[in-house]
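Going down the list, the protein sequences come from chains P and U. Count the first sequence with this note's numbering and you get residues 1 to 279, in order. Count the second sequence with this note's numbering and you get residues 280 to 690, in order. Ideal Cβ positions, reconstructed from N, Cα and C, are used throughout, including at glycine. Given the structure is predicted, the values throughout are model-derived calculations rather than measurements.
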Amino acid sequence: MAIRLSHWCCLPAVLLAARLTPAAAQIPEIAVERHLARELGLSVGDTLRLGPTPDTVATLVRVAAVYEPRPDPAEIAKRERHLRMHVPDLASLLRLPDRVDRLSIGLNPGISSDSAVAALNRTAFGYRAYATAAIASESSQTFLVVSRFHRAIAVITIVASAVFLLCIMLLKVEERRLDAAVMRFIGVRRRTIFGALLLEAAVVAAFGSILGTGLAYLAGAATNAYYGRFFDTRLIFSLITPELVLFSVALSLALGIAAGALAAWRLVHTRPLVLWGRG
Amino acid sequence: MASGAHPALGALGPRVSGLGWLKSLGRHRLRTALSIAGIAISGAMLLDMVMLSGGIEKSFAEMLLARGYQIRLTPKGTLPFDTEATLSGAGELIATLRRDTAIESAGAVLGTSLYGRVRDSLVTLFGYGIQPEAQSLYVLESGRDLEPGDSLSILLSTPAARLLGASIGDTVMLVGRLDPQVVTASVGRRLVVRGMVHWVYDYRGQPSVGTVLPVMQTLANERARDRASLLIVKVRDDRAVNEVATRLGTAFPRLEVNSVADLVRHFKQRLVYFRQLSYILGSMSLIVTVLLIATLLTITVNERLGEIATLRAIGISQATVIRQVLVEGTALTIIGGALGIVLGIATARYLDSILTSFPGLPAAFSFFVPRRESLATAGLVLLVTGSLAGLYPAWLAARAPIAATLRAEAT
């Protein structure tokens, strides 16, 4: 069972007490998470005193292990520090004998969790049973909201990129006005000019996509390095999957080609003299 | 160069007389329209990110100061309602605080889970134990407020009233801790609904009830030790808040003393992700704006090099040419930025509706707060950036070799 060190500020005093107290053989053992151990300079074998309130820091415990906490995105911004101890030791420390926050139940094979939950809740008084999936769904609500926010930002970014791309392609194609005029004067067909301009747009879009993918990998690596150090965690903040790369490349190619096609269509339907600037 | 300052201006039309930028932009309507659309979207994103970067803490600070209480005292190492930790001897602490001449008002609050009995079933509620003479948690919507020492009355939020099927004047049954071993509630109280209130820190749909502190302590089994979740303090002089908070921190070493500024700082630390995201996306919006304007103006200048060389040949100064290009960039920025503000406010509402659906977030909280200063900051940054984006094309235009360009145009 984990205790949340909400009273972390009292720990320096606890540490002082630990230094003055020789290690005893029959005292409760605790496991301290790496961050906390590092911050307080604790190592295996050290003793310290714990208490539920600053004025009742009296229970002597010994550090039996230093552990790496499982990366939890829900906890990361809180920067809370945890330690683990046996349930009876914690209950005794809190003066709440035989009380727990929750119980975990493993069902026999073939028993449906829904029916077990329903049966427990029918007979329950003072507790409520939940299926693990329901708890997971509830606790992932925060991340669903963040995902929705990211999707909304992505849509805005895509719209902005599409307009930007269209604008750049239009300018790029319009740069070829004189070339297009000359080609038209010497009898090159509109379709050929259109195809050439479209091909050029596709090549530009393809190069842009490759460059963009490279930039995304660099930005992702920088993001992971920065936030990994910032929060001192192994969590991955930016994950670029092959599906994501494929989607992004396909989208930018489609947008680039569509923008190029629109601009090229306008160009080939403009009179050559106008393109030449004499129309 | 001012209009009419040069004899050739009359023949050249309005292009160098101040409205040249308009004619230049109108010459390529699609191109201009797309650029304005791009700037508008970038401007909207920039505005949203400016709102997001500053809105979080402002909204939080406003919420905390809604009733004027500037300091919170909580168990050591905790923030208000962040854990289930409570402090003991609340009455004695409050009495000590109220004796302080710098303090106008002080009150204790206990928050706890409890149950309401509806026919033969129980519904889960959140209960606030308050001291009505000093409270910062609710605004009365209808009915009447609790009187100090009124241990027979209760205030309900709309969701709680709906859940309990109760309205003003009804009696509700509240039940404290349930004991599964003896299959009974340890304590219960019948209370009369006096008023409907809006709890400032409740999340959307939270079924909350409030009664005087001793009643809630009894229901939570915390009466004997006179426990409270937090103490709230209103300082007479706003300027003395920090000094009083420091003094209280020294006087009560087993408590955590936080002014609103301290709480905002803690909150900012937790939402650091959104602040950093706003900086990154805001910067990207500016880069897109600069690229759009610089590209458009550079190509426009290149197309008009012959025209610019002609103007230079008849005596139009470099400064005038530079000004024309910069005005064109500024005009694009202003038009795009104005559209961007409208678009930004609309998208901010949508994005805010997403983020405020965070579970457990107070309903009164906003991430995107449209304020005059946010609009001004976004507008100014966009304007300066957009105008500066015209510098390179303006430099190109000013440095165009007159003779060589005219010769090239002629051939």
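Val188/P counts as exposed, since fewer than 16 other C-beta atoms from the protein chains shown sit within 10 angstroms of its C-beta.
Contact check for Val600/U and Leu590/U: beta-carbon distance about 7 angstroms, within the 8 angstroms limit, so the pair qualifies.
When C-beta distances to chain P are compared with 7 angstroms, the residues of the region 311-332 of chain U below that value are Leu313, Ser314, Ala316, Gly317, Ile320, Ser321, Met324, in chain order. With its beta carbon at least 7 angstroms from every one in chain P, Arg423/U lies outside the interface. Of the residues assessed, Gly110/P falls on the exposed side of the cut-off, its CB having fewer than 16 other CB atoms within 10 angstroms.
In the three-state reduction of the DSSP assignment, Leu218/P falls in the helix class.
Apart from sequence neighbours up to five positions away, the residues of its chain that approach Leu352/U with a beta-carbon distance below 6 angstroms are Leu510, Leu534, Val536, ordered along the chain. Between Glu420/U and Val512/U, the C-beta gap is not smaller than 7 angstroms, which leaves the two residues out of contact.
Using a Cβ-Cβ cut-off of 8 angstroms, Thr270/P is close to nothing in chain U; its nearest Cβ partner there is about 12 angstroms away.
Glu138/P has no beta-bridge partner at all, per DSSP. In the assembly as shown, Tyr348/U is a buried residue. Its beta-carbon has 16 or more other beta-carbons within 10 Å. According to the DSSP assignment, Asn537/U belongs to no alpha helix (DSSP H) but to the beta strand (DSSP E) extending over 534-538. Within the region 630-649 of chain U, those residues whose Cβ lies closer than 7 angstroms to any Cβ of chain P are, in chain order, Leu630, Ile633, Leu634, Ser636, Phe637, Pro638. By the neighbour-count criterion, in which 16 or more other beta carbons inside 10 Å mark a residue as buried, Leu94/P falls on the exposed side. Here Ser338/U has Phe644, Ser645, Val648 as same chain residues with Cβ atoms under 6 angstroms from its own Cβ, once five neighbours each way along the sequence are excluded.
For Leu431/U, there is no enclosing alpha helix (DSSP H), as DSSP gives it neither H nor E. In the DSSP assignment, Gly106/P falls outside any alpha helix (DSSP H) and carries neither an H nor an E.
Cβ-Cβ distances below 8 angstroms link Val494/U to Gly408, Ser430, Arg468, Leu470 in the same chain, with the five nearest sequence neighbours on each side left out; the list follows chain order. Secondary structure note for Thr123/P: its alpha helix (DSSP H) is the uninterrupted segment 113-123.
Within the DSSP bridge table, the entry for Glu33/P names Tyr67/P as partners. For the 7 angstroms CB-CB criterion, Leu262/P and Ala180/P do not form a contact.
Taken atom to atom, the span from the alpha-carbon of Leu166/P to that of Ile236/P is near 34 angstroms. Unbroken beta strand (DSSP E) stretches of 3 residues or longer found wholly inside the region 512-577 of chain U: 534-538, given in chain order. Contact annotation: Leu453/U and Leu498/U have beta-carbon atoms nearer than 7 angstroms. Ala196/P has its alpha-carbon roughly 14 angstroms from the corresponding atom of Ala258/P.
Per DSSP, Gly368/U has no beta bridge partner at all.
Taking 8 angstroms as the upper bound for CB-CB distance, Val63/P and Val44/P are in contact here, some 6 angstroms apart.
Residues Met324, Met328 of the same chain have their beta carbon placed closer than 7 angstroms to that of Leu560/U, with the five preceding and five following residues left out of the count. Membership of Arg396/U in the beta strand (DSSP E) is indicated by the continuous run 382-397. Counted as a single uninterrupted DSSP element, the beta strand (DSSP E) harbouring Leu50/P occupies residues 47-50.
Cβ contact annotation for Ala679/U (same chain, cutoff 6 angstroms, sequence separation greater than five): Leu584, Ile587, Ala588, in chain order. A direct Cα-to-Cα measurement between Ile320/U and Phe149/P gives close to 17 angstroms.
Cβ contact annotation for Ser415/U (same chain, cutoff 6 angstroms, sequence separation greater than five): Arg346, Tyr348, Ile511, in chain order. Rounded to the nearest whole angstrom, the C-alpha separation of Thr357/U and Arg122/P is 37 angstroms. Under DSSP, the beta-bridge partners assigned to Trp478/U are Tyr417/U. Closest option to Arg378/U, judged by alpha-carbon separation, among Leu667/U, Val514/U, Leu331/U: Val514/U.
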